[in-house]
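With the working numbering, the residue at position 271 of the sequence shown is 685, and numbering never jumps. Think of the CB as a built atom: it goes at the ideal place given N, C-alpha and C, for glycine as much as any other residue.
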Amino acid sequence: MSILSAVILGAVQGLTEFLPVSSSGHLVLLQKIFGIAEPVLFFDTMVHAGTLAAVFAVLRRDIWNILRRIIQPLTAYLIIGTLPAVIAALLFKDHIERAFASGNFLGFAFLGTAGLLAASEFFSRKAGKAAAGAAASAVPASAVPASAGTPAGRQGPFSGCTAAGMKWTDALIIGIFQAVAIVPGISRSGATLSGSLFRRLDRDFAARFSFLLSIPAVLGALVLQIKDIAGGAGTAGIGAAPIAAGTLTAAIAGFFSVKLMLKIVRERSLAGFSVYTAVLGILVLIEEFGTRFFF
Numbered sequence: 415m416s417i418l419s420a421v422i423l424g425a426v427q428g429l430t431e432f433l434p435v436s437s438s439g440h441l442v443l444l445q446k447i448f449g450i451a452e453p454v455l456f457f458d459t460m461v462h463a464g465t466l467a468a469v470f471a472v473l474r475r476d477i478w479n480i481l482r483r484i485i486q487p488l489t490a491y492l493i494i495g496t497l498p499a500v501i502a503a504l505l506f507k508d509h510i511e512r513a514f515a516s517g518n519f520l521g522f523a524f525l526g527t528a529g530l531l532a533a534s535e536f537f538s539r540k541a542g543k544a545a546a547g548a549a550a551s552a553v554p555a556s557a558v559p560a561s562a563g564t565p566a567g568r569q570g571p572f573s574g575c576t577a578a579g580m581k582w583t584d585a586l587i588i589g590i591f592q593a594v595a596i597v598p599g600i601s602r603s604g605a606t607l608s609g610s611l612f613r614r615l616d617r618d619f620a621a622r623f624s625f626l627l628s629i630p631a632v633l634g635a636l637v638l639q640i641k642d643i644a645g646g647a648g649t650a651g652i653g654a655a656p657i658a659a660g661t662l663t664a665a666i667a668g669f670f671s672v673k674l675m676l677k678i679v680r681e682r683s684l685a686g687f688s689v690y691t692a693v694l695g696i697l698v699l700i701e702e703f704g705t706r707f708f709f
């Protein structure tokens, strides 16, 4: 792998790690396009580690609030949400490595991400309209100032529960969504965001919880790679310079990506990402079963 290829892959990883479009799926796809045949799971893990720096930089206050008071419900929810992915990684490690190497089912996985995003966004907006309607019917129109509410024609984002109203079952279900996202092409952030919206979490808190949940997930992946790091097998054919370049690029790109995604989840819709991953999934399937230039 050349340094230029590593930088491109690192930039894609940093940008797509927090956008709900599957960073791992994009890495596998680009590795196919670039014709990279070396073992790449360790490289993928390292560029994921680069994005941890972005999470710590943007969510430093959230992380500090957890560290200064470890014994709190949010800590427990993060642990519960991490367990399903840990179990899945331990049970299916070999299958995951083969999936990264082959790219099989990548197109179907992208379509799965598109379906998750579309369904969760529809559910969230429907719940928001129902909540707004119930609130409006409970308050006489004469009691509401003319300037109150969201602008005409626009529906404000559904405001669900935050950490204070969250339950352990919410964390477990979101964790199961994250475990499914181990498959390349299923977006981790998209899956956890979808699980959060299905559980009616506040959109801003859903995004922050999803990004905080990435910390133990990436650290766990690094732990699983310790044997390969010690033996050198995980870096075979790649080299230290491309790995370092890719990791640094992923950290820089990830910083801007996480800030952008927090704003999008609060103020916008995930529908655009659903359309993008659906189109990408169809194109990958056409390539894999039709043109076969890269697969």
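Tell me the rounded alpha-carbon separation between residue i and residue j.
| i | j | result |
| --- | --- | --- |
| Gln592 | Gln427 | 17 Å |
| Glu701 | Ala692 | 14 Å |
| Thr564 | Gly604 | Bear in mind that a pLDDT of 36 at Thr564, under 50, signals an unreliable position, so the number given afterwards is only what the model happens to contain. Cα to Cα, the separation comes out at about 27 Å. |
| Thr661 | Pro498 | 26 Å |
| Ala578 | Gln445 | 43 Å |
| Phe536 | Val421 | 36 Å |
| Thr576 | Thr606 | 15 Å |
| Gly382 | Thr430 | In the structure displayed, the chain extends from 415 to 709; residue 382 sits before or after that span and is not available. |
| Leu615 | Ala635 | 27 Å |
| Pro630 | Tyr491 | 12 Å |
| Gly653 | Ala659 | 11 Å |
| Ala664 | Leu418 | 13 Å |
| Val594 | Phe669 | 25 Å |
| Phe612 | Ser534 | 6 Å |
| Ala502 | Ser608 | 19 Å |
| Gly495 | Leu694 | 29 Å |
| Leu676 | Phe457 | 27 Å |
| Thr489 | Arg706 | 46 Å |
| Gly589 | Phe448 | 33 Å |
| Ala425 | Ala667 | 6 Å |
| Leu530 | Pro656 | 34 Å |
| Ala585 | Ala532 | 21 Å |
| Val461 | Val637 | 15 Å |
| Met415 | Met580 | 45 Å |
| Asp476 | Ala621 | 12 Å |
| Thr465 | Arg602 | 13 Å |
| Gly686 | Ser538 | 15 Å |
| Phe432 | Ser671 | 6 Å |
| Asn479 | Ser610 | 21 Å |
| Asp508 | Phe619 | 34 Å |
Quick one: grab the DSSP three-state call for residue i.
| i | result |
| --- | --- |
| Thr705 | helix |
| Leu684 | coil |
| Leu433 | coil |
| Leu615 | strand |
| Ile378 | Limits of the chain in this structure are 415 at one end and 709 at the other, which puts residue 378 out of reach. |
| Leu525 | helix |
| Met415 | coil |
| Phe625 | helix |
| Asn518 | coil |
| Val403 | Lying outside 415 to 709, the shown extent of the chain, residue 403 is not represented and no answer is given. |
| Gly449 | coil |
| Leu530 | helix |
| Pro565 | Any reading at Pro565 needs caution, since the residue's pLDDT is 37, under 50, leaving its predicted position unreliable; the model's value is listed next. Pro565: coil per DSSP, three-state reduction. |
| Leu473 | coil |
| Pro559 | Per-residue confidence for Pro559 stands at a pLDDT of 43, beneath the threshold of 50, marking its modelled position as unreliable; the derived number appears in the next sentence. DSSP places Pro559 in coil when its eight states are reduced to three. |
| Val442 | helix |
State the start and end residues of the unbroken alpha helix (DSSP H) segment that holds residue i.
| i | result |
| --- | --- |
| Val500 | 487-505 |
| Glu681 | 654-681 |
| Ile587 | 582-594 |
| Thr576 | Neither: Thr576 is in no alpha helix (DSSP H) and is coded neither H nor E. |
| request: Would you be able to state if there are at least three C-beta pairs under 8 Å between the segment 623-630 and the segment 461-471? | output: Counting Cβ pairs under 8 Å, three or more are found: they touch.
| said: I'd like to know if the segment 429-447 and the segment 524-539 are in contact, where contact means that at least 3 CB-CB pairs between them fall below 8 Å. | reply: Taking 8 Å as the limit for Cβ pairs, the verdict is that the segment 524-539 does touch the segment 429-447.
| query | When the Cβ atoms of the segment 677-694 are set against those of the segment 484-501, are three or more pairs found closer than 8 Å? | reply | In short, these stretches do not touch, since the Cβ pair count stays below three.
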